Amino acid sequence: MGRIAQGTKVLAEGGYERVFRQTFETVPKEQLLNSFACYLSTSAGPVMGVLYVSTAKLAYCSDNPLSYKNGSQTEWNLYKVYLHYPCTMLLKLGCKS
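The sequence shown runs 1 to 97 under the UniProt record's numbering.
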């Protein structure tokens with residue numbers, strides 16, 4: 001999906017905040033600080049998606065599902081990665097919520 005199509009999808013689904021909350025579990029009072037279009041480098045090549053920075057985690061989700069084999073069947077899933085961090089880490093990074 002190109003950047004224009006991805007932006008259209010985000011608008012149709014209610015914005016990055018809503019997509020973030022639908023895609024990842026969030027904790028009470030967690031706020032999305034920013035989002036960035038990016039590529040995640042994998043052994044299979046780059047995967048286009050969005051990097052989310054919130055008050056509780058750094059998270060990435062691919063724009064499109066990726067295929068993988070489960071036994072003899074091909075299955076499809078979004079590629080997701082996230083790291084939780086303590087709120088005090090934001091102060092060290094100079095981020096403001």
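In this text, a Cβ means the ideal position worked out from N, Cα and C, and glycines have one as well. Note that the structure is predicted; figures quoted are calculated from it, not measured.
Would you mind sorting residue 71 into buried or exposed? The rule is 16 or more other CB atoms within 10 Å of its CB.
Locating residue 71 in the sequence shown gives position 71, counting from the first residue. With fewer than 16 other beta carbons inside 10 angstroms of its own, residue 71 counts as exposed.
Counting only the same chain and skipping the five closest in sequence on each side, list residues whose C-beta sits under 6 Å from that of residue 59.
As a working mapping, residue 59 is identified with position 59 in the sequence shown. Excluding residues within five positions, the ones whose Cβ falls inside 6 Å are 24, 52, 82.
For the alpha helix (DSSP H) containing residue 74, name the first residue and the last one.
Taking the sequence shown and counting its residues from 1, one reaches residue 74 at position 74. Annotation for residue 74: no alpha helix (DSSP H) segment contains it, though the beta strand (DSSP E) segment containing it runs 73-77.
Alpha-carbon spacing of residue 65 relative to residue 22, whole angstroms
Against the sequence shown, residue 65 aligns to sequence position 65. Against the sequence shown, residue 22 aligns to sequence position 22. Annotation: residue 65 to residue 22 spans about 16 Å, alpha carbon to alpha carbon.
In the DSSP assignment, find the unbroken beta strand (DSSP E) run with residue 23 in it and report its ends.
Working through the sequence shown from its first residue, we reach residue 23 at position 23. Following the DSSP letters along the chain, one finds residue 23 in no beta strand (DSSP E) but inside the alpha helix (DSSP H) bounded by residues 16-23.
Local Cβ density within 10 Å of residue 62, reported as buried at 16 or more and exposed below that:
Walking along the sequence shown from the start, residue 62 turns up at place 62. With a threshold of 16 other beta carbon atoms within 10 Å, residue 62 meets it and is buried.
Can you give the Cα-Cα distance for residue 68 and residue 45, rounded to whole angstroms?
Taking the sequence shown and counting its residues from 1, the one referred to as residue 68 is at position 68. Taking the sequence shown and counting its residues from 1, the one referred to as residue 45 is at position 45. The straight-line gap from Cα to Cα measures roughly 14 Å.
Use the C-beta contact count for residue 54: other C-beta atoms within 10 angstroms, 16 or more gives buried, fewer gives exposed.
Walking along the sequence shown from the start, residue 54 turns up at place 54. Residue environment analysis places residue 54 among the buried positions, since at least 16 neighbouring C-beta atoms fall within 10 angstroms of its C-beta.
Start and end residues, beta strand (DSSP E) containing residue 62
Looking up residue 62 in the sequence shown gives position 62. First-last of the beta strand (DSSP E) with residue 62: 57-62.
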